[in-house]
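Participant: Numbering (the working numbering), first residue to last: 20 to 486.
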C-alpha cells in the first residue's frame with residue numbers, strides 16, 4: 020500500500036462510516052446507489068456527498084487554471100503569495116479539523132486511485148485499508164464516501180469483478196507509445212516493467228542513436244520535448260468536493276501515483292530515475308494547479324496539504340521527491356496558497372530546507388465549512404424510496420437550472436422561489452436564503468448545496484420546489 024506512515028484505524032471503520040458491514044462486491048453495488056455526486060446507502064437511507072471522480076491530465080488542469088483566472092472576481096490577485104511549511108500531524112486529524120474545510124489534500128494512491136493491500140483486489144472491498152497505517156489509506160478512510168465510489172461505482176461499473184479500472188498513466192502511455200514499445204504494464208494499480216530493463220535499457224539489435232530504439236528512461240532523459248509532453252500527460256484523480264467522515268464539511272482530494280521503485284529488486288533505482296521524476300513533478304504541479312483553480316474561483320487563499328509522495332514502501336529517492344516539490348513551489352510562488360508538507364514523525368533535512376524564504380504564513384481567513392449530507396446531517400428517507408427521492412431532486416434541480424450550466428445563479432434561484440410565493444419571496448428574502456444555501460459563498464448553488472438546502476427547508480416550500 021502506498022504512502023508514508025500514518026494513523027491506524029480499527030476494522031470497524033467501514034460500519035462506523037456507513038452503518039452497515041461491507042459484504043461481497045455485487046452485494047455492495049446493490050445496497051448502495053451513486054447518482055449526481057451522492058452516495059446512498061439503501062438499507063439505512065443515509066446519504067453522503069461523494070463527488071464525482073475526474074482524472075485530468077496536467078495539461079488539462081493548466082487549461083482549467085487559465086479559465087478560472089479569467090473568470091475570477093479579481094480578489095484572487097490580491098490574496099498574497101505562496102507560503103510553505105513542514106507540519107507533523109496525521110491525515111485524519113487534518114481532514115476533520117473544521118479550520119481545513121475546503122482545503123486541498125494530496126493523497127498517495129496506486130495508479131487506479133485505490134489503496135489496495137498486496138493480495139487484495141478491488142472486488143475484495145475497502146475494509147482492509149485499515150490493515151496498513153499509511154497516508155494513502157488514512158486519507159481514503161477519512162473520506163469514506165469518495166473511497167466507496169472509486170472502488171464500486173467509478174466508470175459506472177466500478178473497478179472490481181470485470182469493471183473498468185482507472186489508469187492514471189493512460190494518456191502518458193499514448194504519448195510514449197507504450198503499447199508499441201512495451202515499457203510497462205499496470206497491474207492492480209501498480210506500474211511494472213514488462214521485462215527487466217524495459218524502463219531503462221536499449222533493446223538488443225537497436226542503435227542507441229535511434230529514438231525508436233531507446234527505451235523509456237533514456238528517451239525521456241535525452242529528449243526534453245518528449246519529457247515535457249510526458250509530464251503534461253500524467254493524470255491525477257480529483258474529487259473537487261467530498262465530505263469528511265463524522266464532520267460537517269468537505270475537502271478536495273487529489274490522488275497521485277508514484278512508481279514502485281522499491282518493489283522490484285531486479286530493477287535498480289537509477290533505471291527508473293527520469294521516468295520517476297517526471298511522474299513526481301507532474302503530481303506535485305497538478306496538486307498545486309488544482310488548489311490554484313480553487314483560489315481563483317473563490318477569490319481567497321487556499322490551504323494545501325501535501326505528502327512525501329513516493330516515499331515509504333515505494334522507495335522513491337528523497338532527493339527526487341524534494342526536487343519535484345521544490346520545482347512545483349517555485350512554479351507557483353505567486354499563487355495565494357498556504358502549502359504544508361505533512362509528516363507523521365518529523366521532516367528530513369531535504370524538506371526542511373524548502374522552508375527558506377517561504378515560511379511566514381499570514382493568519383488565514385477560515386473557509387466557510389460546507390455542511391455534509393452524511394453522518395450528522397442525514398435525512399429520514401422512510402417516507403419515500405431513496406432512488407425516487409434522488410430522481411425528484413435531480414429533476415427539480417435541472418428544471419430550475421434554466422441555462423443548463425450545472426449551477427443555480429441568483430436569478431435562477433429567485434425565479435424558483437418567486438414561483439412558490441411571489442409576495443413573500445422578495446429580493447431581500449431571496450438574498451437571505453441564497454446566503455444560507457450557498458455554502459461556499461461563491462454566488463452559485465451547486466447540486467450538493469441545493470440538496471442540503473432542500474433537506475433543511477420548510478416542508479411546504481420543499482414540496483412546491485420539487486413538484
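Glycine included, every Cβ here is placed at the ideal spot set by N, Cα and C.
Does the CB of residue 483 have a neighbour CB from chain D at under 8 Å?
Facilitator: Reference to chain D is not applicable here, since this structure consists of a single protein chain.
Participant: Note the first and the last residue of the continuous beta strand (DSSP E) segment covering residue 243.
Facilitator: Not the beta strand (DSSP E): residue 243 falls in the alpha helix (DSSP H), residues 243–252.
Participant: Run through DSSP, which three-state label would residue 145 get?
Facilitator: Three-state result, residue 145: coil.
Participant: Indicate whether residue 328 and residue 373 have their beta-carbon atoms separated by less than 8 Å.
Facilitator: No; because the gap between Cβ atoms is not below 8 Å, this pair is not in contact.
Participant: Let me know the secondary structure DSSP gives residue 484 once reduced to three states.
Facilitator: In this structure, residue 484 counts as helix in the three-state DSSP scheme.
Participant: Please report the straight-line C-alpha distance between residue 423 and residue 267, rounded to a whole angstrom.
Facilitator: Using only the alpha carbons, I get a separation of about 29 Å.
Participant: Checking 8 Å against the spacing of the C-beta atoms, do residue 262 and residue 101 come in under that value?
Facilitator: No, Cβ-Cβ distance for residue 262 and residue 101 is not below 8 Å.
Participant: Classify residue 390 as buried or exposed, calling it buried when 16 or more other Cβ atoms lie within 10 Å of its own Cβ.
Facilitator: In this prediction, residue 390 scores a pLDDT of 37, lower than 50, which makes its location untrustworthy; the coordinate-derived value is nonetheless stated afterwards. Looking at its Cβ environment, which holds 16 or more other Cβ atoms inside 10 Å, residue 390 is buried.
Participant: Are the beta-carbon atoms of residue 104 and residue 378 separated by less than 8 Å?
Facilitator: Yes, these two residues count as a Cβ contact at 8 Å.
Participant: Alpha carbon to alpha carbon, what distance is there between residue 91 and residue 257?
Facilitator: For residue 257 and residue 91, the distance between alpha carbons rounds to 21 Å.
Participant: From which residue to which residue does the beta strand (DSSP E) around residue 68 run?
Facilitator: Per DSSP, residue 68 belongs to the beta strand (DSSP E) from 65–68.
Participant: Would you be able to state if there are at least three C-beta pairs under 8 Å between the stretch 30–49 and the stretch 351–365?
Facilitator: Output reads no: the stretch 30–49 does not touch the stretch 351–365.
Participant: Is it right to say residue 371 is buried, meaning 16 or more other beta carbons lie within 10 angstroms of its own, or is it exposed?
Facilitator: Counting Cβ neighbours within 10 Å, residue 371 comes out exposed, since fewer than 16 surround it.
Participant: Determine the burial state of residue 304: buried for a count of at least 16 other Cβ atoms within 10 Å of its Cβ, exposed for fewer.
Facilitator: By the neighbour-count rule (16 or more Cβ atoms within 10 Å), residue 304 is buried.
Participant: Do you know offhand how far residue 188's Cα is from residue 253's?
Facilitator: Going from the Cα of residue 188 to the Cα of residue 253 covers about 6 Å.
Participant: Extract the residue ranges of the beta strand (DSSP E) inside the stretch 110–170, only unbroken runs of 3 or more that lie entirely within it.
Facilitator: Here the runs fully enclosed are 123–127.
Participant: Would you mind stating whether residue 140 and residue 177 have Cβ atoms separated by less than 8 Å?
Facilitator: Contact flag unset, no.
Participant: Can you tell me which of the three DSSP states residue 260 falls into?
Facilitator: Correct three-state label for residue 260: strand.
Participant: Give me the DSSP bridge partner(s) of residue 26.
Facilitator: Residue 26 is not bridged to any residue.
Participant: Note down, one range per segment and in chain order, each beta strand (DSSP E) of at least 3 residues found wholly within the stretch 34–64.
Facilitator: Taking only runs of at least 3 residues, the beta strand (DSSP E) segments lying wholly in the stretch 34–64 are 51–54 and 57–60.
Participant: Determine the burial state of residue 364: buried for a count of at least 16 other Cβ atoms within 10 Å of its Cβ, exposed for fewer.
Facilitator: Exposed, since its Cβ has fewer than 16 Cβ neighbours within 10 Å.
Participant: At which residues does the alpha helix (DSSP H) containing residue 352 begin and terminate?
Facilitator: Looking at the DSSP string, residue 352 is not in any alpha helix (DSSP H), and its letter there is neither H nor E.
Participant: So, is residue 451 buried or exposed, given that buried needs 16 or more other C-beta atoms within 10 angstroms?
Facilitator: Answer is exposed; the Cβ neighbour count stays below 16.
Participant: The beta strand (DSSP E) that contains residue 269, what's its start and end?
Facilitator: First-last of the beta strand (DSSP E) with residue 269: 269–275.
Participant: Here's the rule I'm using: 16 or more other beta-carbon atoms within 10 Å means buried, otherwise exposed. How should residue 89 be labelled?
Facilitator: When all chains shown are included, residue 89 counts as exposed.
Participant: Count the other C-beta atoms from every protein chain shown that fall within 10 angstroms of the C-beta of residue 96, then say buried if there are 16 or more, exposed otherwise.
Facilitator: By the 10 Å Cβ count, residue 96 comes out exposed.
Participant: So who's on the other strand from residue 438, going by DSSP bridges?
Facilitator: Beta-bridge pairing links residue 438 to no other residue.
Participant: Which residues share a DSSP beta bridge with residue 359?
Facilitator: DSSP lists 104 and 324 as partners of residue 359.
Participant: Which of helix, strand or coil does DSSP assign to residue 72?
Facilitator: Residue state, collapsed to three classes: coil.
Participant: In angstroms with no decimal places, state the Cα-to-Cα distance between residue 321 and residue 127.
Facilitator: Cα-Cα distance, rounded: 20 Å.
Participant: Does DSSP put residue 174 in a helix, in a strand, or in coil?
Facilitator: Coil at residue 174, not helix or strand.
Participant: So, does the stretch 188–197 touch the stretch 160–169, judging by three or more C-beta pairs under 8 Å?
Facilitator: Verdict: no, contact absent.
Participant: Spell out the partners DSSP gives residue 206 in its beta bridges.
Facilitator: DSSP lists 209 as partners of residue 206.
Participant: Which of the three DSSP states is assigned to residue 80 in this structure?
Facilitator: In the structure shown, residue 80 sits in a helix (DSSP, three-state: H, G or I).
Participant: Return yes when the Cβ of residue 420 is within less than 8 Å of the Cβ of residue 411, no when it is not.
Facilitator: For residue 411 and residue 420, no; Cβs fall outside 8 Å.
Participant: On the three-state DSSP scale, how would you describe residue 427?
Facilitator: Three-state result, residue 427: strand.
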